[in-house]
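Peer 1:
Number of protein chains: 2
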Amino acid sequence: MATSMAPTRRKSVVEQIQDMILDLELRPGDPMPTEATLCEDLGISRSSVREAMRTLQSLDIVEVRHGHGTYVGQLSLSPLVTGLIFRSVLNTDNSFATLRDVVSLRIALDLGVADELCAQHASTTNPELRGYVEEMRTRTAAGLPFPEADGAFHSRLLSQVGNSLVSELAAAFWEVHTKVVPLLGFPPNTEIEHTVEAHDAIIDALEAGDTAAYRAAVLDHYAPLTRAIEKATADSPGAVPTVAP
Amino acid sequence: MATSMAPTRRKSVVEQIQDMILDLELRPGDPMPTEATLCEDLGISRSSVREAMRTLQSLDIVEVRHGHGTYVGQLSLSPLVTGLIFRSVLNTDNSFATLRDVVSLRIALDLGVADELCAQHASTTNPELRGYVEEMRTRTAAGLPFPEADGAFHSRLLSQVGNSLVSELAAAFWEVHTKVVPLLGFPPNTEIEHTVEAHDAIIDALEAGDTAAYRAAVLDHYAPLTRAIEKATADSPGAVPTVAP
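Keeping their order, the protein sequence lines are chains A and B.
When we follow full-length UniProt numbering, the leftmost residue of the first sequence carries the number 1, and every step to the right adds one.
When we follow full-length UniProt numbering, the leftmost residue of the second sequence carries the number 1, and every step to the right adds one.
Laid out in structure tokens, this is it:
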């Protein structure tokens, strides 16, 4: 069992079950010990086990397949998304600070994989990515938003980086971004055509294998949003200077 | 109360308390409702509340100050660290895949803030950063490891980015990296002098305001590690191709 816990805090049942998963060397998809085994091994009641399993489920550490049983979960970054949305909504003193940070982090991730993406895409054609941009264009012309096409574009792009953590994190932050915007009552993007065309410029730069042009297109893609966040932050009554703690 | 839950899963007490924090518009540092209030409002037993509070504490959503009471926590990224360490250790089919991804993500973050860091540091001197490198050099000469100086160097550098999420994530991944290496029995760095000098090259590039040199120094800084991970992955009996799912 792990021994590195803070000395002052008793382990929760949730943590005890996590230790058990490690001790038993279980992997994602493996069946979990039965409820009866957990009760007996941990010396706790059935209701405590059930409550802990509900929490572990919300953390994607266990997965309940109804009619089948309980399995070790996929350990995805979905709890991070939940946590960051929670934090964004709670952060009401400076309501756009977390959104600004989420967007800056998305920019940093997109810029951080510039070399890898450009090397991969030089001299290729990318009909799938172009198709998402075309869908954005069509929907914009019809006055409709395009979150699915936008999400699919970025997810498709980042999935080509040979690193599942980068693509999962980018997807997580895209999701936080998309969910937090309406929760915060953030004003709609008034430069939506610009945003659409910036997606095309990203593909152009990648296909040209031009890292500098890719970086410029990424920054241009986020520019309307970063401008809007700066404006909303300045207009917000509880605004504080944009400096990290 | 939130209504967007998956239809098949009953909310855990942990989630119900999170909803209550949102409904009451509490902020980090605010006192939590008393145990008695939580029992009454949620219609649950004192032991269920206590168990949920232990879990919320491990998620940094509540903070117990002994002798003072329970407060809304700082919502830090520490649960992400715990989750990723858990995932790294569990991922035994391809034991170095998560370490490789964590390192690539650290590289992407360091590269992603290149412009901002170079603009900030051009024509400055950075005795604090140089001091950490000097400490690494001294410890290396004495045959000692230097995790504190290394952590302090990267944490100091990234804290200068005006984005607490980037610096917290970078710190989180540094911590995962450092904790996972011994857990996985990863071989020690045989090019440690090279790593030390690469830190100095990073500062040189920043002070020169030279983004291209900074990017090159970052890649060079990680090169011994990425080579070691590639080698260990190739040598590992359960090795699988390094392609994202």
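The C-beta atom is built at its ideal place from N, Cα and C for all residues, glycine as well.
Since the structure is predicted, the reported quantities are computational estimates derived from the model, not experimental observations.
Can you say whether Leu-158(A) is buried or exposed, counting buried as having 16 or more other CB atoms within 10 angstroms of its CB?
Peer 2: By the 10 Å Cβ count, Leu-158(A) comes out buried.
Peer 1: Specify whether the region 119-135 of chain A and the region 146-157 of chain A touch according to this definition: at least 3 beta carbon pairs, one from each stretch, less than 8 Å apart.
Peer 2: They touch, by the three-pair rule.
Peer 1: Does any residue of chain B bring its CB to less than 7 Å from the CB of Asn-163(A)?
Peer 2: At least one chain B Cβ lies under 7 Å of Asn-163(A).
Peer 1: Is it a yes or a no for the region 225-234 of chain B touching the region 184-198 of chain B, going by three-plus beta-carbon pairs under 8 Å?
Peer 2: Taking 8 Å as the limit for Cβ pairs, the verdict is that the region 184-198 of chain B does touch the region 225-234 of chain B.
Peer 1: Which same chain residues end up closer than 7 Å to Glu-15(A) when comparing Cβ atoms and leaving out the 5 residues on each side of it in sequence?
Peer 2: Closer than 7 Å at Cβ, skipping near neighbours: no residue.
Peer 1: Straight-line CA distance for Leu-165(A) to Arg-106(B)?
Peer 2: Their backbone Cα atoms lie some 11 Å apart in a straight line.
Peer 1: Quick check: the region 190-200 of chain A against the region 167-180 of chain A, are there 3 or more CB pairs under 8 Å?
Peer 2: No: fewer than three Cβ pairs fall under 8 Å.
Peer 1: If you run the structure through DSSP and keep just helix, strand and coil, what is Pro-31(B)?
Peer 2: Strand.
Peer 1: Report yes or no: do the region 210-225 of chain B and the region 194-201 of chain B share at least 3 C-beta pairs separated by less than 8 Å?
Peer 2: As far as the Cβ criterion goes, the region 210-225 of chain B touches the region 194-201 of chain B, which means the pair count is three or higher.
Peer 1: If you count every other CB in all the chains shown that lies within 10 Å of the CB of Ser-167(B), and 16 or more means buried, which is it?
Peer 2: Ser-167(B) should be labelled buried.
Peer 1: Nearest CA to the CA of Ala-212(A): which residue from Leu-117(A), Ser-12(A), Asp-19(A)?
Peer 2: It is Leu-117(A) whose Cα lies nearest to the Cα of Ala-212(A).
Peer 1: Out of Asp-115(B), His-154(B), Leu-90(B), Thr-124(B), which has the shortest C-alpha to C-alpha gap to Ile-21(A)?
Peer 2: Comparing Cα positions, the closest option is Leu-90(B).
Peer 1: Do Leu-59(B) and Pro-79(B) have their beta-carbon atoms positioned less than 7 Å apart in this structure?
Peer 2: Yes, they are a contact pair.
Peer 1: Looking at the structure shown, is Arg-215(B) part of a helix, part of a strand, or coil, going by DSSP?
Peer 2: Note: Arg-215(B) maps to helix in three-state DSSP.
Peer 1: In this structure, how does DSSP classify Arg-10(B) when only helix, strand and coil are distinguished?
Peer 2: Arg-10(B): coil per DSSP, three-state reduction.
Peer 1: Could you give the residue range of the alpha helix (DSSP H) that holds Gly-112(B)?
Peer 2: Residues 97-112.
Peer 1: Go ahead and label Ser-123(B) buried or exposed: buried means 16 or more other beta carbons lie within 10 angstroms of its beta carbon, across all protein chains shown.
Peer 2: With fewer than 16 other Cβ atoms within 10 Å, it is exposed.
Peer 1: Answer yes or no: do Leu-26(A) and Val-64(A) have a C-beta to C-beta separation smaller than 7 Å?
Peer 2: Taking 7 Å as the Cβ cut-off, Leu-26(A) and Val-64(A) do not qualify as a contacting pair.
Peer 1: Which residue marks the beginning of the alpha helix (DSSP H) containing Val-49(B), and which one marks its end?
Peer 2: Per DSSP, Val-49(B) belongs to the alpha helix (DSSP H) from 46-58.
Peer 1: The beta strand (DSSP E) that contains Gly-69(B), what's its start and end?
Peer 2: Where Gly-69(B) is concerned, the enclosing beta strand (DSSP E) stretches over 69-72.
Peer 1: Could you check if Asp-30(B) is buried or exposed, using at least 16 other CB atoms within 10 Å of its CB as the buried criterion?
Peer 2: Exposed, since its Cβ has fewer than 16 Cβ neighbours within 10 Å.
Peer 1: Would you call the CB atoms of Val-102(A) and Val-176(A) closer than 7 Å?
Peer 2: In this structure, Val-176(A) lies closer than 7 Å to Val-102(A) by Cβ.
Peer 1: Compare the beta carbon distance of Leu-99(A) and Val-13(A) with 7 Å and say whether it is the shorter of the two.
Peer 2: Result no, Cβ atoms of Leu-99(A) and Val-13(A) do not sit closer than 7 Å.
Peer 1: The beta strand (DSSP E) with Val-64(A) in it runs from where to where?
Peer 2: Looking at the DSSP string, the run of the beta strand (DSSP E) that includes Val-64(A) is 62-65.
Peer 1: Of all the alpha helix (DSSP H) runs that stay within the bounds of the region 123-160 of chain A, which reach a length of 4 or more residues?
Peer 2: DSSP runs (the alpha helix (DSSP H)) wholly in the region 123-160 of chain A: 127-141, 147-159.
Peer 1: Cβ closer than 9 Å: which chain A residues qualify as neighbours of Ser-48(B)?
Peer 2: Within chain A, the residues near Ser-48(B) are Ser-47, Ser-48, Glu-51.
Peer 1: I'd like the list of long-range same chain contacts for Ile-17(B), defined as Cβ closer than 7 Å, with 5 residues on each side in sequence excluded.
Peer 2: Result list for Ile-17(B): Leu-38, Ala-52, Leu-56, in chain order.
Peer 1: With a cut-off of 7 Å, does the C-beta of Arg-54(B) fall near any C-beta of chain A?
Peer 2: Yes, Arg-54(B) counts as interfacial toward chain A.
Peer 1: Taking His-66(A) as the reference, give the member of Pro-28(B), Arg-10(B), Ile-85(B) with the closest Cα.
Peer 2: Of Pro-28(B), Arg-10(B), Ile-85(B), the residue nearest in Cα terms is Arg-10(B).
Peer 1: Determine the direct distance from the alpha carbon of Pro-28(A) to that of Gly-83(B), and round the result to whole angstroms.
Peer 2: Approximately 13 Å, taken between the alpha carbons.
Peer 1: For Asp-101(A), which residues in chain B fall below 8 Å Cβ to Cβ?
Peer 2: Those are Asn-163, Ser-164, Leu-165, Val-166, listed as they occur along chain B.
Peer 1: What is the rounded straight-line gap between the Cα of Ser-33(A) and the Cα of Gln-74(A)?
Peer 2: Note that residue 33(A) corresponds to Pro in the displayed sequence, not to Ser. Roughly 17 Å between the two C-alpha positions.
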